[in-house]
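Numbering (our numbering), first residue to last: 12 to 591. Where a beta carbon is used, it is the ideal one built from N, C-alpha and C, also for glycine. Right, one structure below, let's go through it.
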C-alpha cells in the first residue's frame with residue numbers, strides 16, 4: 012500500500028498542492044453493489060463510526076461540514092500505540108486494496124481521547140481534531156478523484172484509521188475502515204459501508220377521545236414512528252397498557268402512523284405507551300414512548316330502584332307498563348347493568364339500558380306482586396313490591412283463540428323422456444334427398460303416435476311458480492366420424508295436455524316453440540357458422556309456463572340433415588332436456 016503522508020503528529024498541516032478536482036457518482040448508484048466490502052481483506056480490523064460534536068452518530072451530511080469525530084468501533088492498535096491517523100483511500104477495481112492510492116486527512120491524534128456524550132470513556136483509536144474532508148469549495152479537494160472505469164466504483168472512498176506510537180511508525184498492516192460515497196453535484200456524503208443502521212423513535216400515543224372518558228367508552232390509540240434519518244420505515248407499532256401488550260402490533264402507513272383497533276378500557280387509570288419495531292435491519296427498534304395517562308370514570312353505583320306500574324286493577328290481559336327508576340351515587344354517571352322485572356318472583360322481562368320499561372298484556376286474573384331488580388347476586392338492588400289485582404273478563408260472547416298448523420311441502424320440478432343409452436330414440440336410416448344434395452332423417456318425438464314418447468314435465472312445487480324448458484345436443488358420433496348437432500332440429504312442437512290436469516289449453520296453457528336449424532344441406536363438423544344453430548350449443552327454449560303447477564307433455568318432430576360426404580355408420584348423440 013502507498014501512504015503519502017502530508018501531516019505531522021499534533022498539527023493539522025496537510026499539503027494540498029497538486030490536488031485534483033473530485034469527480035463523484037451519486038450515493039445511490041455507488042451503494043448498489045458495495046464492491047469494496049473489506050470482509051475478505053485481512054488487514055481490516057473492524058469498522059469506523061463518524062460522530063457530530065455532541066457525540067451522536069452520523070452517516071451522511073453536507074460536504075462542507077465534516078464529522079467532528081471518527082472513532083474505531085473495536086480497533087485499539089498495537090500494544091504501545093497512542094496516536095490515530097485518518098487516511099482517505101481511493102478504491103480501484105483493478106488493484107488489490109493494499110495498493111490503492113491514499114492521503115492522510117487528519118493530524119495524528121492521541122487516544123484514548125476525551126469525547127462527548129455516549130463516547131465518554133472510549134478506549135479505541137479515535138481522531139478527535141478537525142480533519143480535511145471532501146469539499147473542493149473549502150479549498151480541500153481530494154487528491155485522488157475516483158473516476159474508476161467500473162462505474163459502480165466511481166465516487167467511492169474508503170476511510171482507514173491507522174495507529175502509531177512513540178518510537179513506532181504508522182502500522183500499515185492493519186486498520187479500521189469505513190466507506191463513503193461522495194456526490195459533488197448534491198454536495199453530500201453518505202456512508203455505504205458498514206451499512207448505516209438508524210435508530211427510531213415513536214410518539215406518545217394519542218387517544219381518540221379526551222380523558223377522562225365515561226365508563227364503557229370505546230377508544231383507539233394512534234402513534235407515529237420516525238427514524239433518525241427522518242424517514243418513516245416500514246414496521247409495526249405495539250401499543251401497551253401499563254406495560255402489557257394491548258392487542259396485536261399494528262403496521263404503520265407510509266407516514267409512519269398506526270392506529271389501534273377499537274377497544275373499551277376498564278375503569279380507572281391507564282398509562283398507554285408505544286414501541287416501534289422496524290421490518291428492515293437498517294433500523295433499530297425504538298425505546299418505549301412516553302406514557303399517555305388516561306382515566307376512565309367508573310360506572311355509577313345504583314343505590315336504589317323505584318318501580319312504577321301504570322295499571323294495578325281492572326280486567327285481565329289488558330296492557331300494563333312497568334317502569335323502573337334508578338337512584339345512582341357519584342362519581343360515575345353511566346349505569347352499567349340490567350334491570351329484571353318479576354311477577355310473583357318469576358322473571359317477565361328485562362332491560363339493559365334506559366328507559367327501563369316494559370309493556371305486557373299477559374297478566375291473567377288474580378293477584379300479582381311486581382318487583383324490579385338491578386344487578387344480580389349479593390350486589391342486587393331490589394325495588395319495593397307493587398301489588399295489583401286483575402279481574403276475569405266478563406263478556407256476552409267469549410272467545411277462546413286456538414292455534415292450528417299446517418305444512419306445505421316444497422315440492423319438486425321434473426322433466427323426463429322414456430329414452431336413454433339402453434333405449435335410444437331411433438331416427439332410422441338417413442335417406443338421400445331427391446336432388447342428391449343432402450341426407451335426411453326424422454322421427455315422431457311424442458307428437459302423434461303417443462304423448463308418452465315425448466317430454467313429460469311435472470311441477471309439484473308450492474306457489475304455482477313459473478318454469479322454462481330448454482334443449483341442447485352434442486354432435487352425433489360413430490366413434491370415429493361425426494355429424495354436427497346444429498343439423499338436428501326440434502320442429503312442430505306441441506303441448507300434450509292430460510285430461511283433468513291443472514295445466515290445460517283453456518285456463519292454464521303453456522307456451523311452446525320450435526328449435527329449427529337454418530342449414531339446407533347440413534353443416535360440416537366444426538363449421539363456425541353452425542354455432543348455436545339447431546340443437547347445437549344453447550340451451551334452446553322450447554316450452555314455458557307462467558304458472559306451472561301440474562303435469563303436461565311436450566312433443567314434436569326430430570329432424571336431422573347431414574352433408575352427402577357423411578361416412579356410413581351408426582351415429583349417436585345425447586339430447587339433454589332441462590327445466591328450471
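Helix, strand or coil: how does DSSP classify residue i here?
i           : result
residue 324 : coil
residue 164 : helix
residue 498 : helix
residue 43  : Per-residue confidence for residue 43 stands at a pLDDT of 33, beneath the threshold of 50, marking its modelled position as unreliable; no derived number is given.
residue 156 : coil
residue 227 : coil
residue 402 : strand
residue 175 : strand
residue 109 : helix
residue 444 : coil
residue 469 : strand
residue 314 : strand
residue 354 : strand
residue 88  : coil
residue 390 : helix
residue 194 : strand
residue 462 : helix
residue 189 : strand
residue 360 : strand
residue 56  : strand
residue 417 : coil
residue 218 : strand
residue 82  : strand
Following the continuous beta strand (DSSP E) through residue i, name the residue where it begins and the one where it ends.
i           : result
residue 345 : Where residue 345 is concerned, there is no enclosing beta strand (DSSP E), given that its DSSP letter is neither H nor E.
residue 251 : 246-252
residue 299 : Run containing residue 299: none; DSSP gives neither H nor E here.
residue 202 : 199-204
residue 379 : 377-385
residue 281 : 279-289
residue 370 : 367-371
residue 233 : 232-238
residue 305 : 303-307
residue 211 : 211-213
Here's the rule I'm using: 16 or more other beta-carbon atoms within 10 Å means buried, otherwise exposed. How should residue i be labelled?
i           : result
residue 251 : buried
residue 529 : exposed
residue 269 : buried
residue 415 : exposed
residue 267 : buried
residue 418 : exposed
residue 463 : exposed
residue 74  : buried
residue 572 : buried
residue 588 : buried
residue 621 : Residue 621 cannot be examined here, being either before or after the span of the chain that is shown, 12 to 591.
residue 448 : exposed
residue 524 : exposed
residue 458 : buried
residue 423 : exposed
residue 271 : buried
residue 506 : buried
residue 167 : buried
residue 330 : exposed
residue 482 : buried
residue 583 : exposed
residue 119 : buried
residue 6   : Absent from the model: residue 6. The displayed extent of the chain is 12 to 591, so no value can be given.
residue 249 : buried
Give me whichever residues DSSP pairs with residue i in a beta bridge.
i           : result
residue 438 : Its beta-bridge partners do not exist; DSSP assigns none.
residue 69  : 61
residue 98  : 115 and 171
residue 454 : 569
residue 654 : In the structure as shown, the chain begins at 12 and stops at 591. Residue 654 is therefore absent and cannot be evaluated.
residue 586 : 484
residue 263 : Residue 263 pairs with nothing; no bridge assigned.
residue 433 : Answer is none; residue 433 lacks a bridge partner.
residue 336 : 317
residue 424 : 470
residue 410 : According to DSSP, residue 410 bridges with nothing at all.
residue 180 : Its beta-bridge partners do not exist; DSSP assigns none.
residue 76  : Beta-bridge pairing links residue 76 to no other residue.
residue 256 : 251
For this session: Pick out the complete beta strand (DSSP E) segments inside the region 493-581, 3 residues or longer, and give them in chain order.
Result: 499-508, 551-556 and 561-573
Exercise. At what residue ranges does the region 119-151 contain a whole run of the alpha helix (DSSP H), taking only runs of 4 or more?
Worked result: none
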